[in-house]
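Engineer:
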Amino acid sequence: MQQAVQFYRALFEELEPAKIQRQFLKSLLKLQNVERGSLWMTQGDAYMCVEAMGPQSDKIKGVSIHKDRPSIVGWVIENGQMTIAKGGLDDRHYKELEESLSRKSNLILCFPLTQKGGGVYGAVQIIDTSAEGDHLNLDKDYLKLLHTLVSVASIALANSLEYAVQHEENIRLKRTLEGIRGEVSVIGQSRAFINVMRTAQDYARTDFPVLITGESGTGKEVAAMEIHRLSARRDMPFLVQNCSAIPETLLESELFGYKKGAFTGAVRDKVGLFEAADKGTVFLDEIGDMPFNLQSRILRVLQNLEVKPLGGSEVKKIDVRIIAATNKDLDQAVRDSEFREDLFYRLNVLPVHMPPLRERSTDVPLLLRFFLKRDAQKVGIAPKRINDEAMAALTAYPWPGNIREMENFVKYLLTTTDTELVTPEDLPKHFLDATRPEGSSEDPALARPAHAGGHAPLPGHLPPGYG
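Numbering that gives the first Met the number 0 applies: residue 0 is where the sequence shown begins, and numbers increase by one.
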């Protein structure tokens, strides 16, 4: 009984799934007085080892066994029953897994991992590698107690996995809402900027894919939101996914969703971004960083407007417009075999390039005044003004980080400047030393010829985090 109390105490002191998995396995091995063990979970068409302990465990953790291959963990997961197996003699044993290990399994004790409601989502193996195979306690009553401990602990693990997934969804929802709230007019009067706004107005009239290019921090997401706002889809969802911010497997599940039991942590069905944005717009930021293997699935979405969740068999039709953005040279990425050529042509139907801030020098004073007023209101301090000499230096500065750099600079200025009027003495030295590179000032040749009849400059919306 004391061992059971210690087991639960060690387990429930943790909240993170990875830590719970490790403590779970560590406690079981201690209870059975063996060194080797592994924890497996269903992931799509395979069973993946998500935790392993013992000699050479690094060769086991991360390994996947396809469901078509015989394995003890597969048998336990499919049948929902505990089993005891002789490592070298049992036909269910996946012997290839141990080919590179110096010590083979002699006796294997394997329990199913169950979630609330009884569904099985994985299995845990406790392995005796001793020559005699007599380290495991196989007493009937002891195994019954151990099975109970595993059942309760596996529900706790499943709950932590579900909580982690829900937490990530809440963060994504919060970011989406933050991007919708507090809209104000787009700031800009330069030819290059007005050109982009005119292009956004033109592109909003259709549902064709749009590819937005430009340096980091130039406002590619703002342009995408403007196209959506001006389109017939304006009252429907505008959902954003950064393709470089998360691992490939998680990115795939975020975009396409998954069915319960499809992989580690899939303890319930999840709707993917494409399906959630039905009738609206999906903005794929940093598309140039998308893993090559996943690009083919995006291509099928563009071609057929349908998605299939991970672990599912049903294909679902969707109605979404896709806008993608990148700061990479996709032409070069195609030549380097890092980006699919067919996907590039599917996305690049309506191209638009966001000019860097060094090509929008006339917009610098407008943007600085806007950010100073906005951020001063946020923190509850008096707004600040920039005198002519300081403004001239800031206008001449090339802003290599573009608008994102400007936003950070404004926060610095509000924090470090004591007086209401900002002078050159308040600026960091590199702003005063900077000279605009030759050819970097706003160039009238950058302006796109006006349409017949022309367009007026467009109103729009600038969410927090412009850039």
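Glycine is no exception: its CB is placed at the ideal position from the N, C-alpha and C atoms.
I think Leu272 touches Val281, with their Cβ atoms under 8 Å apart; what is that distance to the nearest whole Å?
Structural biologist: Position 273 of the sequence shown, counted from the start, is the residue given in the question as residue 272. Position 282 of the sequence shown, counted from the start, is the residue given in the question as residue 281. Confirmed, about 6 Å.
Engineer: Among Gly36, Thr212, Arg228, Leu342, which residue has its Cα nearest to the Cα of Leu106?
Structural biologist: Here residue 106 refers to the residue found at position 107 when the sequence shown is read from its first residue. Per the Cα distances, Gly36.
Engineer: Distance, Cα to Cα, Val298 vs Ala51?
Structural biologist: Start at 1 with the first residue of the sequence shown, and residue 298 comes out as number 299. Start at 1 with the first residue of the sequence shown, and residue 51 comes out as number 52. Going by the sequence as given, residue 298 is Leu instead of Val. Their backbone Cα atoms lie some 37 Å apart in a straight line.
Engineer: Near Gly213, which residues of its chain fall below 8 Å by C-beta distance, leaving aside the five closest residues on each side in sequence?
Structural biologist: Working through the sequence shown from its first residue, we reach residue 213 at position 214. Excluding residues within five positions, the ones whose Cβ falls inside 8 Å are Lys219, Ala324, Asn326, His352, Met353, Pro354, Pro355.
Engineer: Rank Ala191, Leu229, Leu293, Gly87 by C-alpha distance to the C-alpha of Pro249 and give the top, closest one.
Structural biologist: Walking along the sequence shown from the start, residue 249 turns up at place 250. Correcting the residue type first, residue 249 is Leu in the shown sequence and not Pro. Among Ala191, Leu229, Leu293, Gly87, the Cα nearest to that of Leu249 belongs to Leu293.
Engineer: Expressed to the nearest angstrom, what Euclidean distance is found between the alpha-carbon atoms of Ala122 and Ala17?
Structural biologist: Here residue 122 refers to the residue found at position 123 of the sequence shown. Here residue 17 refers to the residue found at position 18 of the sequence shown. Cα to Cα, the separation comes out at about 15 Å.
Engineer: Please work out which residues of its chain come closer than 6 Å, Cβ to Cβ, to Leu135, disregarding the five sequence neighbours upstream and downstream, and give them in chain order.
Structural biologist: Taking the sequence shown and counting its residues from 1, one reaches residue 135 at position 136. Excluding positions up to five away in sequence, the list reads Gln31, Leu106, Leu108, Asp127.
Engineer: For Ser266, which of helix, strand or coil comes out of DSSP?
Structural biologist: Residue numbering aside, residue 266 sits at position 267 when the sequence shown is read from its first letter. In the sequence under discussion, the amino acid at residue 266 is Val, which differs from the Ser named in the question. Correct three-state label for Val266: coil.
Engineer: Write down the C-beta distance between Asp362 and Gly187 rounded to the nearest angstrom, noting that I regard them as a contact closer than 8 Å.
Structural biologist: Stepping through the sequence shown from its first residue, residue 362 is reached at position 363. Stepping through the sequence shown from its first residue, residue 187 is reached at position 188. Right, their Cβ atoms sit about 5 Å apart.
Engineer: Please report how far the alpha carbon of Lys377 lies from the alpha carbon of Lys278, in whole angstroms.
Structural biologist: Counting from one through the sequence shown, the residue named residue 377 turns up at place 378. Counting from one through the sequence shown, the residue named residue 278 turns up at place 279. The straight-line gap from Cα to Cα measures roughly 34 Å.
Engineer: I'd like the span of the beta strand (DSSP E) that includes Asn32, first residue to last.
Structural biologist: Taking the first residue of the sequence shown as 1, we reach residue 32 at position 33. Careful: Asn32 lies outside any beta strand (DSSP E) and carries neither H nor E.
Engineer: Which value, in whole angstroms, describes the spacing of the CA atoms of Ile59 and Cys48?
Structural biologist: Reading the sequence shown from its first residue, position 60 is the one you call residue 59. Reading the sequence shown from its first residue, position 49 is the one you call residue 48. Spanning the two alpha carbons is a distance of roughly 7 Å.
Engineer: May I ask you to verify whether the region 335 to 348 touches the region 201 to 211, counting CB pairs closer than 8 Å and requiring at least 3?
Structural biologist: Yes: at least three Cβ pairs fall under 8 Å.
Engineer: Can you tell me whether Thr175 is helix, strand or coil according to DSSP?
Structural biologist: Translated into the one-based positions of the sequence shown, residue 175 becomes position 176. Because Thr175 carries a pLDDT of 47, less than 50, the predicted location of this residue cannot be relied on, and no value is offered for it.
Engineer: Is the beta carbon of Glu404 sitting closer than 8 Å to the one on Trp398?
Structural biologist: Taking the sequence shown and counting its residues from 1, one reaches residue 404 at position 405. Taking the sequence shown and counting its residues from 1, one reaches residue 398 at position 399. In contact: Glu404 and Trp398 (Cβ atoms closer than 8 Å).
Engineer: Cα separation between Ile71 and Ala155?
Structural biologist: Position 72 of the sequence shown, counted from the start, is the residue given in the question as residue 71. Position 156 of the sequence shown, counted from the start, is the residue given in the question as residue 155. Whole-angstrom Cα-Cα distance: 23 Å.
Engineer: For a test of the three-state rule: what should DSSP assign to Met52, helix, strand or coil?
Structural biologist: Numbered from 1 along the sequence shown, position 53 holds the residue referred to as residue 52. Here Met52 sits in strand by DSSP.
Engineer: Compare the C-alpha of Thr205 against each of Arg232, Leu144, Lys143 and name the closest.
Structural biologist: Looking up residue 205 in the sequence shown gives position 206. Answer by Cα proximity: Arg232.
Engineer: Taking one C-beta from the region 194 to 201 and one from the region 220 to 227 each time, how about it: are there three or more such pairs within less than 8 Å?
Structural biologist: With a cut-off of 8 Å, the region 220 to 227 and the region 194 to 201 count as touching, because enough Cβ pairs lie within range.
Engineer: Measuring alpha carbon to alpha carbon, tell me which residue in Ser215, Ala84, Ser104, Ala152 is nearest Gln471.
Structural biologist: Nothing about residue 471 can be reported from this structure: the residues present for the chain run from 0 to 466 only.
Engineer: For a test of the three-state rule: what should DSSP assign to Asn241, helix, strand or coil?
Structural biologist: Your numbering for residue 241 matches position 242 in the sequence shown. Strand, per DSSP.
Engineer: On the CB-based measure, 16 or more other CB atoms within 10 Å of its CB, does Asp284 come out buried or exposed?
Structural biologist: Within the sequence shown, the letter at position 285 stands for residue 284. Classification of Asp284: buried, given that the 10 Å Cβ count is 16 or more.
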